[in-house]
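K.L.:
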Amino acid sequence: MNDEIENAMEIGRQNAELISLGKAWCTHLRTDQTGMGVGLVEEMTGLPITGGRFTCDYATDPSGFAGMRLDPVGFYEANCRGCTDRVPGGRVPNLGTLAERELAERAEQEQRADTARRTALAERQRRSDHRTLVAAQLDAGCQQLVSLINQLDIDPANSEAAEELRTAARLTPEMFVGSIRAMLRTDSQALRSAVLLDVLLLLESGGAQPELHAVCLDAVRAGWALGEGCRYLAEHGVAADFDNALAEAVIRRAGPSGDFHRRKSGDAGAFLRYHSASPAAVEAQLAAELRRGESHRRAAAASATRSLIEIDDSIGRRLLPAMLDGLRHSEDRYDHYNPSDEIAQTVGVVLVSDASHVEESVSARWKGASAGYRRRLIDCYDSPVRHDSGPLSADVFEAVLGRCVTALHDLPNLKNLDLDEDYQGRASDLLTLTTSRAPIGALSADTLLGLLLTWIDREHEFHESPPTGPMAMFQQMGGEAQLAHLRRDIASATANAAERIPKEFVSACSDLFAGTDSNPWARAEIVRIPVCQAEVRHR
């Protein structure tokens with residue numbers, strides 16, 4: 002079922018539960034859906050998907066936001082506490098028990114936040130007093146540097162103070178006397194300040210230093226100055242540093258960062274240094290990260306793996322099982338980390354160097370795989386075809402074509418409208434692209450024509466036996482669109498091949514046409530192949 006429909010139904014079920022709790026609290030309580038309308042799914046299921054707002058004739062503050070999800074706690078807090086007109090519904094749990102629990106949790110969180118704020122203020126004052134004591138023994142220029150550190154303690158986002166401190170470190174490093182450098186080491190870690198660590202690295206540009214090394218390790222492991230710490234460790238990291246926390250951090254740094262619109266490449270310097278120092282440990286950690294459920298970990302690990310494959314392609318073969326296992330996780334389509342895309346792209350790199358090994362590994366996982374997992378496996382074959390230029394090598398073409406044909410021979414699930422699980426649609430699209438770049442000797446008319454006739458039959462069978470049930474209309478429209486899309490893609494792939502080996506296709510189409518006299522819809526599609534071929538030639 003389509004994710005959007007299922008999500009809407011889940012909202013409806015939650016709203017129905019909240020409405021029941023509201024009635025159990027007070028019989029005056031009702032919902033108002035004015036201006037919200039009723040959607041088709043709500044009409045078909047009867048679930049209150051457009052929840053609206055709670056209201057009551059005795060409410061002192063009845064206004065509130067009307068939305069898909071009801072807001073019971075806000076209404077209760079504004080209107081129900083202490084209400085003398087309440088008529089209890091006589092059931093527990095009810096709206097009151099739900100809201101009081103959430104309000105108590107909110108008050109506890111606010112109390113903890115206030116305590117933390119007071120503690121932070123006291124710590125800041127202690128640091129300021131210590132800096133004042135140190136500055137009293139220094140000249141005016143050094144006191145100005147201490148003042149800048151104080152400003153950054155008060156406001157870490159003070160860009161003017163940060164830039165002034167960096168400029169001083171570059172132009173007048175002699176002003177940073179021993180006591181100020183010690184202050185930078187202590188306060189960069191205490192404040193978790195990337196700016197202060199960056200200044201310290203500008204000053205200490207020589208060899209490895211134990212105290213600075215310890216600060217940079219903490220910055221990387223804790224993540225408060227990942228870029229600055231990795232910059233130092235890329236030159237001075239040693240195998241003894243390596244542990245799980247450090248491994249996770251340097252792998253994350255090696256991967257891309259930022260959202261879809263502001264994507265930034267990672268920096269693999271520290272990661273590569275630790276791999277050269279301890280390859281087995283790093284690859285074991287990479288395999289663990291590739292299999293994790295958190296999307297950002299898998300995305301970073303896939304990107305880091307690509308940086309290693311550029312040095313030694315055998316690493317890709319060793320990590321291939323972990324990458325394919327990492328694709329088992331279903332993805333949020335709005336996740337800007339795109340872990341599946343990152344892993345599929347990396348598997349695609351391995352495919353180019355060792356297509357048979359990738360095909361063998363994917364085949365072992367294909368049987369029994371979910372539709373979503375199969376789609377993500379198909380994506381592994383997409384990158385070498387879509388992003389590389391020129392004709393495909395014979396072994397890559399054979400692997401891609403074989404995987405597409407295998408996927409398209411599976412029986413389709415035309416009752417599932419979820420595009421994220423439509424691996425056959427992805428396979429048919431890839432098939433069209435692959436046949437346009439195929440080596441001449443690798444094409445087979447019989448394979449593609451047989452596949453085309455299979456889908457013509459499936460489309461005809463679907464029209465003869467349409468779906469039934471409450472979701473039949475959605476399934477009918479979705480099934481028809483899916484079948485038409487698949488048939489068009491396979492016909493285009495067939496035409497691509499016909500353009501490359503026309504004599505073989507003329508012979509094969511003639512034999513098929515003669516053998517399908519009782520199948521008019523198949524004959525009609527065979528006749529269309531020369532038309533599609535002409536369109537391909539025109540493009």
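Here my numbering runs 1 ahead of the position in the sequence shown, where the first position is 1. Where is the CB? At the ideal position from N, CA and C, for every residue including glycine. Just so we're clear, the structure is a prediction, and the values are computed from it rather than from any experiment.
Measuring straight from C-alpha to C-alpha, what distance separates Ala-356 and Ser-362?
P.N.:
Position 355 of the sequence shown holds residue 356. Position 361 of the sequence shown holds residue 362. Taking the straight line from one Cα to the other gives about 10 Å.
K.L.:
Could you tell me the distance, in whole angstroms, from the CA atom of Ala-1 to the CA atom of Gly-270?
P.N.:
The structure shown does not extend to residue 1, since the chain is modelled only from 2 to 540, so the question has no answer here.
K.L.:
Alpha carbon to alpha carbon, what distance is there between Asp-72 and Ser-21?
P.N.:
For the purposes of this step, residue 21 is identified with residue 20 of the sequence shown, where counting begins at 1. For the purposes of this step, residue 72 is identified with residue 71 of the sequence shown, where counting begins at 1. Approximately 14 Å, taken between the alpha carbons.
K.L.:
For Phe-243, write down the residues that DSSP places opposite it in a beta bridge.
P.N.:
Locating residue 243 in the sequence shown gives position 242, where the first residue counts as 1. Per DSSP, none; premise fails for Phe-243.
K.L.:
Mapping DSSP to helix, strand and coil, what is Lys-368?
P.N.:
Numbered from its first residue, the sequence shown carries residue 368 at position 367. Coil at Lys-368, not helix or strand.
K.L.:
Provide the residue(s) that pair with Phe-55 in DSSP beta bridges, ordered along the chain.
P.N.:
Walking along the sequence shown from the start, residue 55 turns up at place 54. Answer is Thr-32.
K.L.:
Under 8 Å: do the region 97 to 107 and the region 49 to 57 share three or more Cβ pairs, one atom per stretch?
P.N.:
no
K.L.:
Can at least three beta-carbon pairs, one atom from the region 175 to 186 and one from the region 132 to 145, be found at a separation below 8 Å?
P.N.:
yes
K.L.:
Taking C-alpha atoms, which residue in Asn-8, Tyr-59, Gly-230 and Thr-28 lies nearest to Val-42?
P.N.:
The residue given as residue 42 occupies position 41 in the sequence shown. The residue with the shortest Cα to Cα distance from Val-42 is Asn-8.
K.L.:
Give every residue of the same chain whose Cβ lies closer than 7 Å to the Cβ of Leu-452, excluding the five residues on either side of it in the sequence, and list them in chain order.
P.N.:
In the sequence shown, residue 452 corresponds to position 451, counting from 1. For Leu-452, where only same-chain residues beyond five positions count, the Cβ hits under 7 Å are Val-406, Leu-409 and Ile-491.
K.L.:
Evaluate Asp-268 with the Cβ neighbour count: other Cβ atoms within 10 Å of its Cβ, from every protein chain shown; 16 or more gives buried, anything less gives exposed.
P.N.:
As a working mapping, residue 268 is identified with position 267 in the sequence shown. So Asp-268 counts as buried.
K.L.:
Per DSSP, which residues does Lys-24 bridge with? Please list them.
P.N.:
Stepping through the sequence shown from its first residue, residue 24 is reached at position 23. Answer by DSSP bridge pairing: none, since Lys-24 is not bridged.
K.L.:
Counting along the chain, where does the alpha helix (DSSP H) carrying Thr-436 start and finish?
P.N.:
Mapped onto the sequence shown, residue 436 falls at position 435. Per DSSP, Thr-436 belongs to the alpha helix (DSSP H) from 424 to 436.
K.L.:
Leaving out the 5 sequence neighbours to the left and right, which residues in its chain are closer than 7 Å to Ser-519 when beta-carbon positions are compared?
P.N.:
As a position in the sequence shown, residue 519 is number 518, starting the count at 1. Reliability of the predicted coordinates at Ser-519 is poor, the pLDDT of 49 falling under 50, and the value obtained from them is presented with this limitation in mind. Spatial neighbours of Ser-519 in its own chain (CB-CB distance under 7 Å, excluding positions within 5 residues in sequence) are not present.
K.L.:
Tell me which same chain residues have a C-beta within less than 6 Å of the C-beta of Val-359, skipping the five on either side of it?
P.N.:
Numbered from its first residue, the sequence shown carries residue 359 at position 358. Same-chain partners within the cutoff: Val-351 and Leu-352.
K.L.:
Pull up the distance between the alpha-carbon of Arg-299 and that of Ala-282, whole angstroms please.
P.N.:
Indexing the sequence shown from 1 puts residue 299 at position 298. Indexing the sequence shown from 1 puts residue 282 at position 281. Taking the straight line joining both Cα atoms gives about 17 Å.
K.L.:
Decide if Leu-122 is buried, meaning its Cβ has at least 16 other Cβ atoms within 10 Å, or exposed.
P.N.:
Counting from 1 along the sequence shown, the entry for residue 122 is found at position 121. So Leu-122 ends up on the exposed side.
K.L.:
Name the two residues that bound the continuous alpha helix (DSSP H) containing Arg-182.
P.N.:
On the sequence shown, position 181 is the one that residue 182 refers to. It spans 179 to 192 - the alpha helix (DSSP H) in which Arg-182 sits, taken as one unbroken run.
K.L.:
Is DSSP giving Ser-354 helix, strand or coil here?
P.N.:
Position 353 of the sequence shown, counted from the first residue, corresponds to residue 354. In the three-state reduction of the DSSP assignment, Ser-354 falls in the helix class, which pools H, G and I.
K.L.:
Which first and last residues belong to the alpha helix (DSSP H) in which His-237 is found?
P.N.:
On the sequence shown, position 236 is the one that residue 237 refers to. Segment 227 to 237, the alpha helix (DSSP H) holding His-237.
K.L.:
With a floor of 3 residues, list each beta strand (DSSP E) that falls wholly inside the region 244 to 311, ordered by position along the chain.
P.N.:
Runs of the beta strand (DSSP E) lying entirely within the region 244 to 311 and spanning at least 3 residues: none are present.
K.L.:
Assign Pro-73 to one of three DSSP states: helix, strand, or coil.
P.N.:
The residue labelled residue 73 in the question sits at position 72 within the sequence shown. Looking at Pro-73 - three-state DSSP - the assignment turns out to be helix.
K.L.:
Between Leu-449 and the rest of its own chain, which residues show a CB-CB distance below 8 Å, the 5 nearest in sequence each way excluded?
P.N.:
Start at 1 with the first residue of the sequence shown, and residue 449 comes out as number 448. The residues are Thr-436, Ile-491, Ala-494, Thr-495 and Ala-498.
K.L.:
Can you grab the Cα-Cα spacing for the pair Glu-164 / Glu-175, in whole Å?
P.N.:
The residue given as residue 164 occupies position 163 in the sequence shown. The residue given as residue 175 occupies position 174 in the sequence shown. If I take the Cα positions, the gap works out to 18 Å.
K.L.:
Taking three-plus beta-carbon pairs below 8 Å as touching, is the region 188 to 207 in contact with the region 143 to 159?
P.N.:
Look at the beta carbons and you see the region 188 to 207 touching the region 143 to 159: at least three pairs across the two are nearer than 8 Å.
K.L.:
Within the continuous alpha helix (DSSP H) that includes Leu-501, where are the two ends?
P.N.:
Walking along the sequence shown from the start, residue 501 turns up at place 500. Per the sequence shown, residue 501 should be read as Arg rather than Leu. If you look at Arg-501, you'll find it in the alpha helix (DSSP H) that goes 473 to 501.
K.L.:
Taking the alpha carbon of Ala-482 as the point to measure from, which residue in Ser-266, Asp-33 and Phe-463 has its own alpha carbon closest?
P.N.:
Looking up residue 482 in the sequence shown gives position 481. Selected option, being the one with the closest Cα: Phe-463.
K.L.:
For Gln-110, does the count of other Cβ atoms within 10 angstroms reach 16, so buried, or fall short, so exposed?
P.N.:
Taking the sequence shown and counting its residues from 1, the one referred to as residue 110 is at position 109. With fewer than 16 other Cβ atoms inside 10 Å of its own Cβ, Gln-110 counts as exposed.
K.L.:
Where do the N-terminal and C-terminal ends of the alpha helix (DSSP H) with Cys-143 fall, by residue?
P.N.:
For the purposes of this step, residue 143 is taken as residue 142 along the sequence shown, with counting starting at 1. Per DSSP, Cys-143 belongs to the alpha helix (DSSP H) from 141 to 155.
K.L.:
Contact check, Gly-256 vs Ser-304 under 8 Å by CB: the rounded distance?
P.N.:
Position 255 of the sequence shown, counting from 1, holds the residue named residue 256. Position 303 of the sequence shown, counting from 1, holds the residue named residue 304. Indeed, because the Cβ distance is near 4 Å, the residues count as touching under 8 Å.
K.L.:
Alpha carbon to alpha carbon, what distance is there between Pro-49 and Gly-38?
P.N.:
Here residue 38 is taken as the residue at index 37 of the sequence shown, counted from 1. Here residue 49 is taken as the residue at index 48 of the sequence shown, counted from 1. If you take the alpha carbons of Gly-38 and Pro-49, they lie about 11 Å apart.
K.L.:
Give me the Cβ distance between Ala-400 and Arg-377, rounded to the nearest whole Å; I'm assuming they're in contact under 8 Å.
P.N.:
Along the sequence shown, one-based indexing puts residue 400 at 399. Along the sequence shown, one-based indexing puts residue 377 at 376. 16 Å between Cβ atoms; not a contact.
K.L.:
Nearest to Leu-325 by CA position, among Trp-26, Ser-308, Leu-287 and Leu-484, is which residue?
P.N.:
The count along the sequence shown starts at 1 and reaches residue 325 at position 324. Nearest option by C-alpha distance: Leu-287.
K.L.:
From Pro-94 to Arg-292, what distance separates their C-alpha atoms?
P.N.:
Locating residue 94 in the sequence shown gives position 93, counting from the first residue. Locating residue 292 in the sequence shown gives position 291, counting from the first residue. Going from the Cα of Pro-94 to the Cα of Arg-292 covers about 41 Å.
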